[in-house]
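Per the working numbering, the sequence shown starts with residue 517, numbered consecutively. Each remark here refers to the structure printed beneath this line.
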Amino acid sequence: MIENKRNIKNRKCQILNRPSTQRSFGLNIAEFSSVIRNGILCTRTNLQSPKTLRSTESNNNKGGSDGFCGDLLKISPEVSEALSRGDAVVALESTIISHGMPYPLNLETAKEVETIVRTNGAVPATIAILDGIPCVGLSMEELERLAILGKRVQKTARRDIALVVASRGNGATTVSATMFFASMVGIPVFVTGGIGGVHRHGEHTMDISSDLTELGRTPVAVVSAGVKSILDIPRTLEYLETQGVCVAAYKTDEFPAFFTETSGCKVPCRVDSPEDYANKKLKLNTGVLFAVPIPKEHSASGSIIESAIQKALKEARSCILRDKNITGNAETPFLLSKVNELTGGASLAANMALVKNNALVGTRIAVALAQLRKSCNKGNAESVS
517 MIENKRNIKN RKCQILNRPS TQRSFGLNIA EFSSVIRNGI LCTRTNLQSP
567 KTLRSTESNN NKGGSDGFCG DLLKISPEVS EALSRGDAVV ALESTIISHG
617 MPYPLNLETA KEVETIVRTN GAVPATIAIL DGIPCVGLSM EELERLAILG
667 KRVQKTARRD IALVVASRGN GATTVSATMF FASMVGIPVF VTGGIGGVHR
717 HGEHTMDISS DLTELGRTPV AVVSAGVKSI LDIPRTLEYL ETQGVCVAAY
767 KTDEFPAFFT ETSGCKVPCR VDSPEDYANK KLKLNTGVLF AVPIPKEHSA
817 SGSIIESAIQ KALKEARSCI LRDKNITGNA ETPFLLSKVN ELTGGASLAA
867 NMALVKNNAL VGTRIAVALA QLRKSCNKGN AESVS
(Lines of atoms letter the chains of each structure in order from A and count residues from 1; the text may use other names and numbers.)
(Lines give C-alpha, C1' and ligand atoms only; values in the text may rest on other atoms or scores of the structure.)
Protein backbone atom coordinates (compact mmCIF):
# COMPACT_ATOMS: atom_id res chain seq x y z
CA MET A 1 0.00 0.00 0.00
CA ILE A 2 2.80 2.42 0.96
CA GLU A 3 4.74 1.50 -2.19
CA ASN A 4 1.64 2.07 -4.33
CA LYS A 5 1.08 5.53 -2.80
CA ARG A 6 4.73 6.37 -3.41
CA ASN A 7 4.42 5.35 -7.09
CA ILE A 8 1.31 7.50 -7.51
CA LYS A 9 3.07 10.48 -5.93
CA ASN A 10 6.14 10.04 -8.16
CA ARG A 11 4.01 9.79 -11.29
CA LYS A 12 2.14 12.99 -10.36
CA CYS A 13 5.45 14.80 -9.91
CA GLN A 14 6.65 13.65 -13.35
CA ILE A 15 3.49 14.92 -15.06
CA LEU A 16 3.27 18.21 -13.16
CA ASN A 17 6.95 19.03 -13.73
CA ARG A 18 6.68 18.48 -17.49
CA PRO A 19 7.40 21.72 -19.43
CA SER A 20 4.19 23.41 -20.57
CA THR A 21 3.64 24.62 -24.13
CA GLN A 22 0.82 26.93 -23.08
CA ARG A 23 1.42 30.60 -23.70
CA SER A 24 1.14 32.86 -20.67
CA PHE A 25 1.08 36.09 -22.69
CA GLY A 26 -1.72 37.72 -24.67
CA LEU A 27 -2.75 36.27 -28.01
CA ASN A 28 -1.91 37.82 -31.33
CA ILE A 29 -5.20 38.98 -32.88
CA ALA A 30 -4.28 37.42 -36.23
CA GLU A 31 -3.58 34.05 -34.57
CA PHE A 32 -6.85 34.09 -32.64
CA SER A 33 -8.80 35.09 -35.76
CA SER A 34 -7.12 32.29 -37.71
CA VAL A 35 -8.21 29.69 -35.16
CA ILE A 36 -11.79 30.96 -35.25
CA ARG A 37 -11.81 31.02 -39.06
CA ASN A 38 -10.33 27.52 -39.32
CA GLY A 39 -12.79 26.27 -36.70
CA ILE A 40 -15.68 27.57 -38.79
CA LEU A 41 -14.21 25.95 -41.90
CA CYS A 42 -13.92 22.66 -40.02
CA THR A 43 -17.59 22.73 -39.08
CA ARG A 44 -18.48 23.28 -42.72
CA THR A 45 -16.28 20.46 -43.99
CA ASN A 46 -18.30 17.46 -45.12
CA LEU A 47 -17.16 14.62 -42.88
CA GLN A 48 -20.24 12.46 -43.26
CA SER A 49 -18.28 9.76 -45.10
CA PRO A 50 -16.05 7.97 -42.57
CA LYS A 51 -13.92 6.68 -45.47
CA THR A 52 -12.31 10.13 -45.74
CA LEU A 53 -11.02 9.99 -42.17
CA ARG A 54 -7.43 9.08 -41.43
CA SER A 55 -5.24 9.47 -38.38
CA THR A 56 -3.40 12.77 -38.31
CA GLU A 57 -0.61 11.40 -36.15
CA SER A 58 1.42 10.65 -39.27
CA ASN A 59 -0.21 13.34 -41.40
CA ASN A 60 0.16 16.46 -39.30
CA ASN A 61 1.42 18.47 -42.26
CA LYS A 62 -1.34 17.45 -44.65
CA GLY A 63 -4.25 19.65 -43.72
CA GLY A 64 -7.21 20.10 -46.01
CA SER A 65 -7.12 16.99 -48.18
CA ASP A 66 -8.10 14.73 -45.27
CA GLY A 67 -10.95 16.99 -44.16
CA PHE A 68 -8.88 18.37 -41.29
CA CYS A 69 -7.66 21.90 -40.64
CA GLY A 70 -3.88 21.47 -40.57
CA ASP A 71 -2.69 20.72 -37.05
CA LEU A 72 -6.01 21.67 -35.43
CA LEU A 73 -7.37 18.15 -34.99
CA LYS A 74 -5.91 14.73 -34.17
CA ILE A 75 -7.85 11.48 -34.39
CA SER A 76 -6.27 8.38 -32.85
CA PRO A 77 -5.50 5.49 -35.24
CA GLU A 78 -7.99 3.22 -33.43
CA VAL A 79 -10.86 5.70 -33.77
CA SER A 80 -9.94 6.61 -37.34
CA GLU A 81 -9.89 2.98 -38.47
CA ALA A 82 -13.21 2.23 -36.77
CA LEU A 83 -14.88 5.21 -38.47
CA SER A 84 -13.41 4.18 -41.83
CA ARG A 85 -14.94 0.70 -41.44
CA GLY A 86 -18.26 2.08 -40.27
CA ASP A 87 -17.87 0.38 -36.89
CA ALA A 88 -19.42 1.66 -33.68
CA VAL A 89 -17.56 4.50 -31.93
CA VAL A 90 -18.61 6.10 -28.64
CA ALA A 91 -17.51 9.64 -27.75
CA LEU A 92 -16.59 10.33 -24.12
CA GLU A 93 -16.07 13.70 -22.42
CA SER A 94 -13.02 14.61 -20.37
CA THR A 95 -14.34 17.13 -17.81
CA ILE A 96 -15.52 14.25 -15.65
CA ILE A 97 -11.89 13.09 -15.51
CA SER A 98 -10.31 16.44 -14.69
CA HIS A 99 -13.04 18.06 -12.59
CA GLY A 100 -15.41 15.27 -11.57
CA MET A 101 -13.26 12.94 -9.48
CA PRO A 102 -9.97 13.00 -7.55
CA TYR A 103 -6.82 11.26 -8.78
CA PRO A 104 -6.26 8.28 -9.10
CA LEU A 105 -9.98 7.43 -8.90
CA ASN A 106 -10.63 9.51 -12.03
CA LEU A 107 -8.04 7.57 -14.04
CA GLU A 108 -9.33 4.20 -12.83
CA THR A 109 -12.91 5.16 -13.74
CA ALA A 110 -11.88 6.46 -17.18
CA LYS A 111 -10.07 3.19 -17.92
CA GLU A 112 -13.04 1.12 -16.71
CA VAL A 113 -15.47 3.11 -18.88
CA GLU A 114 -13.27 2.62 -21.96
CA THR A 115 -13.03 -1.10 -21.17
CA ILE A 116 -16.84 -1.35 -20.96
CA VAL A 117 -17.13 0.29 -24.39
CA ARG A 118 -14.57 -2.07 -25.95
CA THR A 119 -15.97 -5.19 -24.29
CA ASN A 120 -19.41 -4.46 -25.73
CA GLY A 121 -18.29 -4.02 -29.32
CA ALA A 122 -17.37 -0.36 -29.86
CA VAL A 123 -14.31 1.87 -29.85
CA PRO A 124 -14.06 4.58 -27.14
CA ALA A 125 -13.13 8.10 -28.24
CA THR A 126 -12.34 10.24 -25.22
CA ILE A 127 -12.09 13.86 -26.37
CA ALA A 128 -9.85 16.58 -24.96
CA ILE A 129 -7.57 19.43 -26.04
CA LEU A 130 -3.90 18.77 -25.28
CA ASP A 131 -1.23 21.39 -25.96
CA GLY A 132 -3.69 23.27 -28.13
CA ILE A 133 -4.64 20.28 -30.30
CA PRO A 134 -8.18 18.82 -30.08
CA CYS A 135 -7.74 15.06 -29.71
CA VAL A 136 -10.44 12.52 -30.57
CA GLY A 137 -9.35 9.33 -28.86
CA LEU A 138 -6.68 9.42 -26.13
CA SER A 139 -3.80 7.07 -25.41
CA MET A 140 -3.34 5.66 -21.90
CA GLU A 141 -0.51 8.14 -21.33
CA GLU A 142 -2.74 11.05 -22.39
CA LEU A 143 -5.55 9.84 -20.13
CA GLU A 144 -3.12 9.64 -17.22
CA ARG A 145 -1.78 13.11 -17.93
CA LEU A 146 -5.30 14.55 -17.97
CA ALA A 147 -6.21 12.76 -14.74
CA ILE A 148 -3.11 13.98 -12.89
CA LEU A 149 -3.41 17.57 -14.09
CA GLY A 150 -7.00 17.58 -12.84
CA LYS A 151 -8.43 21.04 -12.25
CA ARG A 152 -5.29 22.63 -13.68
CA VAL A 153 -6.85 21.77 -17.05
CA GLN A 154 -9.31 24.38 -18.30
CA LYS A 155 -12.93 23.33 -18.29
CA THR A 156 -13.76 23.85 -21.98
CA ALA A 157 -17.22 24.46 -23.40
CA ARG A 158 -17.84 25.23 -27.07
CA ARG A 159 -17.25 28.96 -26.50
CA ASP A 160 -13.76 28.27 -25.07
CA ILE A 161 -12.40 26.06 -27.86
CA ALA A 162 -10.78 28.83 -29.93
CA LEU A 163 -9.05 30.37 -26.91
CA VAL A 164 -7.66 27.06 -25.59
CA VAL A 165 -6.42 26.06 -29.05
CA ALA A 166 -4.87 29.46 -29.81
CA SER A 167 -3.07 29.57 -26.44
CA ARG A 168 -1.83 25.98 -26.90
CA GLY A 169 -3.49 25.11 -23.63
CA ASN A 170 -5.02 21.96 -22.17
CA GLY A 171 -8.79 21.72 -22.17
CA ALA A 172 -11.18 19.17 -20.68
CA THR A 173 -14.24 19.16 -22.91
CA THR A 174 -17.70 19.61 -21.44
CA VAL A 175 -20.83 18.17 -23.06
CA SER A 176 -21.12 21.03 -25.57
CA ALA A 177 -17.49 20.88 -26.73
CA THR A 178 -17.49 17.08 -26.87
CA MET A 179 -20.65 17.10 -29.00
CA PHE A 180 -19.04 19.67 -31.30
CA PHE A 181 -15.97 17.52 -31.99
CA ALA A 182 -17.94 14.25 -32.13
CA SER A 183 -20.26 15.68 -34.76
CA MET A 184 -17.31 17.11 -36.69
CA VAL A 185 -15.75 13.67 -37.23
CA GLY A 186 -18.99 11.72 -37.58
CA ILE A 187 -19.44 10.03 -34.17
CA PRO A 188 -23.22 9.80 -33.58
CA VAL A 189 -23.28 8.64 -29.93
CA PHE A 190 -21.77 10.34 -26.90
CA VAL A 191 -21.84 9.00 -23.33
CA THR A 192 -21.57 11.20 -20.24
CA GLY A 193 -22.66 11.17 -16.60
CA GLY A 194 -25.20 13.97 -16.65
CA ILE A 195 -25.72 17.08 -18.74
CA GLY A 196 -25.81 20.68 -17.58
CA GLY A 197 -29.06 22.60 -17.56
CA VAL A 198 -30.96 25.52 -16.10
CA HIS A 199 -29.52 26.34 -12.68
CA ARG A 200 -31.79 26.69 -9.68
CA HIS A 201 -33.08 30.27 -9.53
CA GLY A 202 -32.16 30.45 -13.21
CA GLU A 203 -35.24 32.62 -13.81
CA HIS A 204 -33.30 35.36 -12.00
CA THR A 205 -29.68 34.60 -12.91
CA MET A 206 -30.24 33.35 -16.49
CA ASP A 207 -27.53 30.76 -15.74
CA ILE A 208 -28.27 28.17 -18.42
CA SER A 209 -25.72 25.61 -19.60
CA SER A 210 -24.54 25.76 -23.21
CA ASP A 211 -25.11 21.98 -23.24
CA LEU A 212 -28.79 22.70 -23.92
CA THR A 213 -28.07 25.02 -26.84
CA GLU A 214 -25.68 22.44 -28.29
CA LEU A 215 -28.34 19.75 -28.09
CA GLY A 216 -30.58 22.06 -30.10
CA ARG A 217 -28.14 22.39 -33.00
CA THR A 218 -25.79 19.39 -33.09
CA PRO A 219 -27.07 15.98 -34.30
CA VAL A 220 -25.49 13.72 -31.68
CA ALA A 221 -27.29 11.31 -29.34
CA VAL A 222 -26.25 12.09 -25.75
CA VAL A 223 -26.63 9.19 -23.33
CA SER A 224 -26.72 10.36 -19.71
CA ALA A 225 -28.41 9.79 -16.36
CA GLY A 226 -30.44 12.91 -17.06
CA VAL A 227 -29.66 16.38 -15.77
CA LYS A 228 -27.41 16.85 -12.76
CA SER A 229 -29.77 16.97 -9.79
CA ILE A 230 -28.16 20.14 -8.42
CA LEU A 231 -29.99 21.90 -11.28
CA ASP A 232 -33.62 22.80 -12.01
CA ILE A 233 -34.84 19.70 -13.86
CA PRO A 234 -38.39 20.88 -14.81
CA ARG A 235 -37.11 24.17 -16.27
CA THR A 236 -34.32 22.33 -18.08
CA LEU A 237 -36.86 20.06 -19.78
CA GLU A 238 -38.93 23.10 -20.76
CA TYR A 239 -35.85 24.71 -22.29
CA LEU A 240 -35.03 21.52 -24.23
CA GLU A 241 -38.57 21.51 -25.61
CA THR A 242 -38.07 25.09 -26.79
CA GLN A 243 -34.84 24.00 -28.51
CA GLY A 244 -36.68 21.20 -30.32
CA VAL A 245 -34.67 18.45 -28.62
CA CYS A 246 -36.16 14.96 -28.40
CA VAL A 247 -35.93 13.68 -24.82
CA ALA A 248 -36.23 9.91 -24.45
CA ALA A 249 -35.98 7.76 -21.32
CA TYR A 250 -34.71 4.18 -21.17
CA LYS A 251 -37.22 1.62 -19.88
CA THR A 252 -39.17 4.25 -17.93
CA ASP A 253 -41.80 6.94 -18.43
CA GLU A 254 -40.15 9.30 -15.95
CA PHE A 255 -37.07 11.45 -16.38
CA PRO A 256 -34.25 10.32 -14.05
CA ALA A 257 -32.63 12.72 -11.58
CA PHE A 258 -28.97 11.74 -11.91
CA PHE A 259 -28.25 10.33 -8.42
CA THR A 260 -31.80 8.95 -8.16
CA GLU A 261 -34.07 7.05 -10.55
CA THR A 262 -36.98 9.48 -10.60
CA SER A 263 -37.52 13.23 -10.77
CA GLY A 264 -41.31 13.48 -10.92
CA CYS A 265 -41.11 14.73 -14.54
CA LYS A 266 -42.67 12.70 -17.35
CA VAL A 267 -40.87 12.20 -20.68
CA PRO A 268 -42.52 12.40 -24.13
CA CYS A 269 -40.67 9.34 -25.45
CA ARG A 270 -39.89 5.95 -23.93
CA VAL A 271 -37.40 3.48 -25.43
CA ASP A 272 -37.17 -0.10 -24.17
CA SER A 273 -34.10 -1.34 -26.05
CA PRO A 274 -31.06 0.05 -27.88
CA GLU A 275 -32.37 -1.43 -31.12
CA ASP A 276 -35.68 0.35 -30.59
CA TYR A 277 -33.85 3.67 -30.39
CA ALA A 278 -31.70 2.87 -33.42
CA ASN A 279 -34.77 2.23 -35.55
CA LYS A 280 -36.51 5.40 -34.35
CA LYS A 281 -33.55 7.69 -35.07
CA LEU A 282 -34.43 10.30 -37.69
CA LYS A 283 -32.30 12.67 -39.76
CA LEU A 284 -32.90 15.68 -37.51
CA ASN A 285 -30.60 18.68 -37.18
CA THR A 286 -30.80 18.51 -33.39
CA GLY A 287 -29.37 16.20 -30.79
CA VAL A 288 -31.26 13.60 -28.80
CA LEU A 289 -31.08 13.36 -25.01
CA PHE A 290 -31.27 9.70 -24.05
CA ALA A 291 -31.84 9.50 -20.27
CA VAL A 292 -30.85 6.28 -18.51
CA PRO A 293 -31.86 5.86 -14.83
CA ILE A 294 -29.11 4.95 -12.40
CA PRO A 295 -29.32 1.23 -11.45
CA LYS A 296 -31.62 0.75 -8.46
CA GLU A 297 -28.89 -0.84 -6.32
CA HIS A 298 -26.71 2.28 -6.72
CA SER A 299 -29.45 4.88 -6.41
CA ALA A 300 -29.01 7.36 -3.58
CA SER A 301 -31.79 8.49 -1.23
CA GLY A 302 -33.64 11.38 -2.84
CA SER A 303 -34.27 13.16 0.46
CA ILE A 304 -30.63 12.88 1.56
CA ILE A 305 -29.37 14.17 -1.80
CA GLU A 306 -31.85 17.07 -1.84
CA SER A 307 -30.90 18.07 1.71
CA ALA A 308 -27.21 18.06 0.73
CA ILE A 309 -27.96 20.10 -2.40
CA GLN A 310 -29.80 22.76 -0.41
CA LYS A 311 -26.89 23.06 2.03
CA ALA A 312 -24.40 23.22 -0.87
CA LEU A 313 -26.42 25.94 -2.60
CA LYS A 314 -26.56 27.94 0.62
CA GLU A 315 -22.78 27.70 1.00
CA ALA A 316 -22.26 28.68 -2.65
CA ARG A 317 -24.37 31.81 -2.13
CA SER A 318 -22.41 32.55 1.05
CA CYS A 319 -19.13 32.27 -0.90
CA ILE A 320 -20.43 34.71 -3.52
CA LEU A 321 -21.32 37.19 -0.78
CA ARG A 322 -17.75 36.85 0.53
CA ASP A 323 -16.45 37.65 -2.98
CA LYS A 324 -15.24 34.12 -3.64
CA ASN A 325 -15.41 33.14 -7.31
CA ILE A 326 -18.09 30.41 -7.13
CA THR A 327 -19.98 31.52 -10.22
CA GLY A 328 -20.30 30.49 -13.87
CA ASN A 329 -18.69 27.18 -14.78
CA ALA A 330 -17.02 26.98 -11.34
CA GLU A 331 -20.37 26.51 -9.62
CA THR A 332 -21.20 22.98 -10.80
CA PRO A 333 -17.89 21.36 -9.69
CA PHE A 334 -18.17 23.20 -6.35
CA LEU A 335 -21.72 21.98 -5.74
CA LEU A 336 -20.97 18.38 -6.74
CA SER A 337 -17.90 18.33 -4.49
CA LYS A 338 -19.86 19.77 -1.57
CA VAL A 339 -22.74 17.31 -2.06
CA ASN A 340 -20.24 14.45 -2.05
CA GLU A 341 -18.73 15.77 1.18
CA LEU A 342 -22.15 16.14 2.83
CA THR A 343 -23.26 12.64 1.78
CA GLY A 344 -20.09 10.99 3.04
CA GLY A 345 -19.00 9.95 -0.45
CA ALA A 346 -22.34 8.37 -1.40
CA SER A 347 -22.92 10.77 -4.30
CA LEU A 348 -19.47 10.08 -5.81
CA ALA A 349 -20.07 6.32 -5.61
CA ALA A 350 -23.43 6.82 -7.34
CA ASN A 351 -21.75 9.01 -9.98
CA MET A 352 -19.21 6.30 -10.80
CA ALA A 353 -21.91 3.65 -11.04
CA LEU A 354 -24.18 5.67 -13.33
CA VAL A 355 -21.33 6.60 -15.69
CA LYS A 356 -20.44 2.93 -16.16
CA ASN A 357 -24.10 2.02 -16.70
CA ASN A 358 -24.47 4.82 -19.25
CA ALA A 359 -21.38 3.53 -21.06
CA LEU A 360 -22.96 0.08 -21.31
CA VAL A 361 -26.29 1.34 -22.67
CA GLY A 362 -24.64 3.94 -24.92
CA THR A 363 -22.33 1.36 -26.44
CA ARG A 364 -25.25 -0.94 -27.22
CA ILE A 365 -27.00 1.97 -28.95
CA ALA A 366 -23.86 2.77 -30.96
CA VAL A 367 -23.49 -0.87 -32.02
CA ALA A 368 -27.17 -1.07 -33.02
CA LEU A 369 -26.84 2.15 -35.04
CA ALA A 370 -23.69 0.89 -36.79
CA GLN A 371 -25.38 -2.41 -37.68
CA LEU A 372 -28.44 -0.56 -38.97
CA ARG A 373 -26.27 1.75 -41.08
CA LYS A 374 -24.31 -1.17 -42.55
CA SER A 375 -27.55 -3.01 -43.31
CA CYS A 376 -28.95 0.04 -45.10
CA ASN A 377 -25.74 0.53 -47.07
CA LYS A 378 -25.73 -3.13 -48.08
CA GLY A 379 -29.35 -2.91 -49.19
CA ASN A 380 -28.63 0.22 -51.24
CA ALA A 381 -25.63 -1.44 -52.88
CA GLU A 382 -27.67 -4.52 -53.81
CA SER A 383 -30.47 -2.41 -55.28
CA VAL A 384 -27.96 -0.49 -57.43
CA SER A 385 -26.32 -3.68 -58.70
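Glycine is no exception: its CB is placed at the ideal position from the N, C-alpha and C atoms. All values reported here derive from a predicted model rather than from experimental measurement.
Here the alpha carbon of Ala884 sits roughly 29 angstroms from the alpha carbon of Asn622. When rounded, the separation of the alpha-carbon atoms in Gln887 and Cys529 is 45 angstroms. Secondary structure within the region 747 to 789: the beta strand (DSSP E) runs of 3 or more consecutive residues, fully enclosed, are 762 to 766 and 785 to 787 (chain order).
Taking C-beta separations shorter than 7 angstroms and ignoring five residues to either side along the sequence, the partners of Leu731 in its chain run Val738, Leu756, Gln759, Val761, Thr802, Gly803 and Leu805, following chain order. Close CB contacts of Thr752 within its chain, under the 6 angstroms cut and outside five residues either way in sequence, are with Gly713, Val714 and Val743 (chain order).
In this structure the region 860 to 878 lies against the region 809 to 822, because at least three pairs of beta carbons, one per stretch, are closer than 8 angstroms.
In the three-state reduction of the DSSP assignment, Ile820 falls in the helix class.
Burial state of Asn523 is exposed, judged by a 10 Å Cβ sphere holding fewer than 16 other Cβ atoms.
For the region 605 to 629, the continuous alpha helix (DSSP H) assignments of 4+ residues that do not extend past its boundaries occur at 611 to 614, in sequence order.
If you compare the alpha carbons of Leu851, Leu876 and Ile531 with that of Leu864, the shortest gap goes to Leu851. Scanning its chain for C-beta atoms nearer than 8 angstroms, with the 5 sequence neighbours on each side dropped, one finds around Arg716 the residues Ile746, Leu747, Asp748 and Leu829, in chain order. DSSP, reduced to helix, strand and coil, places Thr672 within a strand of the structure shown.
Between the C-alpha atoms of Thr778 and Phe771 there is a straight-line separation of about 6 angstroms. For the pair Ile649 and Gly780, the Cα-to-Cα distance works out to about 42 angstroms. Membership of Leu588 in any beta strand (DSSP E) is not indicated, and neither H nor E is assigned to it by DSSP.
Uninterrupted alpha helix (DSSP H) stretches at least 4 residues long and entirely within the region 705 to 735 occur at 718 to 721 and 726 to 731, given in chain order. With a contact defined as Cβ atoms closer than 8 angstroms, Arg684 and Ile531 miss out at about 17 angstroms. Beta-bridge partners assigned by DSSP to Cys651: Lys590 and Ala644. For a cut-off of 8 angstroms, the C-beta gap from Cys651 to Ile643 is around 7 angstroms, short enough to register as a contact.
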